[in-house]
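Novice:
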Amino acid sequence: MSRVTLNLPEHFAYSTDIPLMVDHINSGNHLGNDSLITLINEARARYTRHCGLLEYDRETGLMMVNADLAMVYHSEGRYGEVVVIEVAATDFHRCGYDLVYRVADKATGRAIASAKTAHILIDAVSGQTLSEPEGYFDCLRA
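Numbering (the numbering used here), first residue to last: 511 to 652.
#1: Tell me whether residue 566 is buried or exposed, calling it buried when 16 or more other Cβ atoms sit within 10 Å of its Cβ.
#2: Just to confirm the assignment, what range does the beta strand (DSSP E) spanning residue 669 have?
#3: By alpha-carbon positions, which one of 623, 604, 610 ends up nearest to residue 644?
#4: Is residue 519 closer than 8 Å to residue 592 when the C-beta atoms are compared?
#5: In the DSSP assignment, find the unbroken alpha helix (DSSP H) run with residue 584 in it and report its ends.
#6: In whole angstroms, give me the CA-to-CA distance for residue 646 and residue 562.
#7: Go ahead and pull the three-state DSSP assignment for residue 570.
#8: Going along the chain, which residues of its own chain have a beta-carbon closer than 6 Å to the beta-carbon of residue 586, five neighbours each way excluded?
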């Protein structure tokens, strides 16, 4: 079986704690894959808001959209655990960037998952990709 491989940086620019709630747990009694996506989306939203970025800027029509997603599980997340999700921006290009995530149990440091999402900037009306406005990604690059 081939597996997805993700290259994680040594340093993550941002981290946030999120408790695992009963709604995050699947019938196998561990963190469900759909809930992992929800958790990393929440971490992404907190990180970009921390940087002052809007996912949709109504004034400029600039919108950030997801282009892809990859996840790798390392262990099972359980109800009641608090996970720390670390986030770093990587692979900047003309119209976007990637975010990588490390998800771990806060109490023990046990790795639960890693993930990567790609994001591109588009014009919300035309749907065309946009180049990065000058300085737009500066906080993410820090």
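Just so it is clear, CB atoms sit at the ideal spot from N, CA and C, and this is done for glycine as well. Note that this is a predicted model, so its numbers are computed, not measured.
Specialist: Looking at the coordinates:
#1: exposed
#2: In the structure as shown, the chain begins at 511 and stops at 652. Residue 669 is therefore absent and cannot be evaluated.
#3: 604
#4: no
#5: Counting along the chain, residue 584 falls outside any alpha helix (DSSP H), and DSSP gives it neither H nor E.
#6: 10 Å
#7: coil
#8: 540
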